[in-house]
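In the numbering used here, the protein residues as written are 1023 to 1486.
Structure record follows, encoded as structure tokens.
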């Protein structure tokens, strides 16, 4: 429990609560002590000034009589006076039996003869339990008035304040801990919801989501982010399952053919020609498998950044012309018109072999799904104020259904109409990976029965 965030937050709440209350108490205590001393000092100074005026008008005898009357009027346990010489010799005082041995502060006497009009001090008489506020004032040349007032009532008031604070502090501490625990649990309730949801999730159940409670923005943001992560994981797991199914299908076919060739060769009377034919077919199937595996590795390395494109200036118009020349024979065999409209000079900072393979996959895909008598057009042009390069491959083939279009770039994905054609479903995925590695993208426009248009959007060279 000591390691839980709720427990630590509760401790922080309680600590801050107690420290705040303690600071407020100290502040109030200091202010109360200051106010009590100021009030007592003002009373003592008023009495002392009255005695100073009497002494100035009527002399020492009247001073002693007036000081005695003042002490008696205030209460002999509340106020005392003493008249003394600078040497410390007392020549007149009130009844001092209650006060005990109240000392004479030499620093106060010295301060008066250095020019201070009066001097205040707080003293504790002997072994008494109360404190005394004492005023020293110089009367004439050789008389010092020591006037004191008991702080016993004030000390009782301060002690009562301290006891009330300590009693209240216990209740405040319990209240602070309870409030802190409640606030911490309430604030972290969303985190608990995320934790419970995470525990319920398994590979076979990725549909559970954290409810967004709309109470705390931070918790809501955590819930939304967690749900978005679950969406990505679900898409990834779904894609992996589909990819595994496609891989199993595409690997099973050539392996089945290889096994079939071997069985046919072994069950019939084998001769050298049969073995040679089986070896040739086996090599052909193995080449298909190796090509598929190498394409998978190329896509994975490019996407992960372990094999980034080697950038160099590339003339795309020349690249398009070369690719069209290479596929011209294949197009003629299928009686397809391959048109090249790459007259616009376009230069890009890119990896020539990777771009050539991307273009080859797009043209091969267009020819593969175009019937005899159709047309495949390769166009290269600049668009927009920043000179975006658009490489377009358009065919008049069978087109792609709208429900399949979002998935045509997925690895190993092959639509129902693609099963009758050779291939592993990696060509378009590789083309998209190459485009993205060069800071570009590929868009698709297609309509069943009217053909498809693949457009590669690429940024121009930094220094054309």
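Ideal placement from N, C-alpha and C gives every residue a C-beta, glycine not left out.
Inset, instruction - Label residue 1132 either buried or exposed according to how many other C-beta atoms from any shown protein chain fall within 10 Å of its C-beta, with 16 as the threshold for buried. - result: Result: exposed.
Legend entry - 8 Å contact criterion, which residue 1369 and residue 1337 should meet: CB distance rounded: Right, the Cβ-Cβ distance comes to about 6 Å (below 8 Å), so this counts as a contact.
Legend entry - Ranges of the beta strand (DSSP E) found wholly within the segment 1313 to 1358, counting only runs of at least 3: For the segment 1313 to 1358, the continuous beta strand (DSSP E) assignments of 3+ residues that do not extend past its boundaries occur at 1334 to 1337, in sequence order.
Legend entry - Separation of residue 1180 from residue 1030, as counted between CA atoms: The alpha-carbon separation between residue 1030 and residue 1180 amounts to approximately 35 Å.
Legend entry - contact_flag[the segment 1166 to 1174, the segment 1044 to 1055] where n(CB pairs < 8 Å) is 3 or more: Too few Cβ pairs lie closer than 8 Å, so no.
Legend entry - Paired residues, beta bridge with residue 1156 - DSSP: Residue 1156 is bridged to 1143, 1170.
Inset, instruction - Please report the Cβ distance between residue 1398 and residue 1373, rounded to the nearest whole angstrom; I am assuming they are in contact, meaning their Cβ atoms lie under 8 Å. - result: 24 Å between Cβ atoms; not a contact.
Legend entry - Residue closest to residue 1475, alpha-carbon to alpha-carbon, out of 1242, 1093, 1385, 1082: Closest in alpha carbon position to residue 1475, among 1242, 1093, 1385, 1082, is 1385.
Inset, instruction - Inspect the CB distances between the segment 1178 to 1198 and the segment 1113 to 1132 and report whether three or more fall short of 8 Å. - result: No, the segment 1178 to 1198 is not in contact with the segment 1113 to 1132.
Legend entry - Beta-carbon gap between residue 1161 and residue 1085 smaller than 9 Å: Between residue 1161 and residue 1085, the C-beta gap is smaller than 9 Å, which places the two residues in contact.
Inset, instruction - Express the C-alpha separation of residue 1390 and residue 1442 in angstroms, rounding to a whole number. - result: Residue confidence for residue 1442 is low, a pLDDT of 48 falling below 50, so the modelled location carries little weight and cannot support an answer.
Legend entry - Beta-carbon proximity check, residue 1345 vs residue 1404, cutoff 9 Å: Here residue 1345 is not near residue 1404, since their CB atoms are 9 Å or more apart.
Inset, instruction - Give me the Cβ distance between residue 1421 and residue 1482, rounded to the nearest whole Å; I'm assuming they're in contact under 8 Å. - result: Not confirmed; about 31 Å, so no contact.
Inset, instruction - Classify residue 1186 as buried or exposed, calling it buried when 16 or more other Cβ atoms lie within 10 Å of its own Cβ. - result: Exposed, because fewer than 16 other Cβ atoms sit within 10 Å of the Cβ of residue 1186.
Inset, instruction - Taking all protein chains shown into account, decide if residue 1260 is buried (16 or more other Cβ within 10 angstroms of its Cβ) or exposed. - result: Classified as exposed, residue 1260 has fewer than 16 neighbouring CB atoms from the shown chains inside 10 Å of its CB.
Inset, instruction - Just mark residue 1251 as buried or exposed, buried being the case when its beta carbon has 16 or more other beta carbons within 10 Å. - result: Here residue 1251 is exposed. Its C-beta has fewer than 16 other C-beta atoms within 10 Å.
Legend entry - First through last residue of the beta strand (DSSP E) which encompasses residue 1381: Note, residue 1381: premise wrong, no beta strand (DSSP E); alpha helix (DSSP H) at 1374 to 1390.
Inset, instruction - Give the DSSP-derived three-state secondary structure of residue 1023 in the structure shown. - result: Note that residue 1023 scores 49 on pLDDT, short of 50, meaning its location in the model is unreliable; the coordinates nonetheless yield the value given after this. It is coil, neither helix nor strand.
Inset, instruction - State buried or exposed for residue 1468, treating a residue as buried only when at least 16 other CB atoms are found within 10 Å of its CB. - result: It is buried - the Cβ of residue 1468 has at least 16 other Cβ atoms within 10 Å.
Inset, instruction - Would you mind sorting residue 1032 into buried or exposed? The rule is 16 or more other CB atoms within 10 Å of its CB. - result: A buried status is given to residue 1032, since no fewer than 16 other beta-carbon atoms sit within 10 Å of its beta-carbon.
Inset, instruction - Whole angstroms is fine: what's the gap from residue 1362's alpha carbon to residue 1429's? - result: Straight-line Cα distance between these residues: approximately 28 Å.
Inset, instruction - Return the first residue and the last residue of the beta strand (DSSP E) that residue 1403 is part of. - result: Note, residue 1403: beta strand (DSSP E), 1397 to 1405.
Inset, instruction - Look at the alpha carbon of residue 1431 and the alpha carbon of residue 1448, and state the distance between them as a whole number of angstroms. - result: Using only the alpha carbons, I get a separation of about 8 Å.
Legend entry - Sequence-distant residues of its chain with Cβ nearer than 7 Å to residue 1320 (five each side left out): For residue 1320, the CB contacts under 7 Å within the same chain, skipping 5 residues up- and downstream, are 1452 in chain order.
Legend entry - C-beta atoms of residue 1070 and residue 1159 nearer than 9 Å: Their beta carbons are under 9 Å apart, which means residue 1070 touches residue 1159 by this criterion.
Legend entry - For residue 1077, the three-state DSSP class (helix, strand or coil): If DSSP states are grouped into helix, strand and coil, residue 1077 belongs with the helices.
Legend entry - residue 1049 burial status per 10 Å Cβ neighbour count (16 or more: buried): So residue 1049 ends up on the exposed side.
Legend entry - Secondary structure of residue 1473, DSSP reduced to three states: Residue state, collapsed to three classes: strand.
Legend entry - Three-way DSSP call (helix, strand, coil) for residue 1294 in this model: Helix at residue 1294.
Legend entry - Three-state secondary structure assigned by DSSP to residue 1136: Residue state, collapsed to three classes: coil.
Inset, instruction - Report yes if the CB atom of residue 1401 is closer than 9 Å to the CB atom of residue 1414, and no otherwise. - result: Closer than 9 Å, so yes.
Legend entry - One or two residues paired with residue 1115 in a DSSP bridge: The partner list for residue 1115 (beta bridge, DSSP) reads 1104.
Legend entry - Contact check, residue 1102 vs residue 1114, beta carbons under 9 Å: Contact flag unset, no.
Legend entry - Cβ pair residue 1073, residue 1092 closer than 9 Å: When the beta-carbon positions are compared, residue 1073 and residue 1092 come within less than 9 Å of each other.
Legend entry - Cβ-based burial, residue 1255 [other Cβ within 10 Å; buried from 16]: It counts as exposed.
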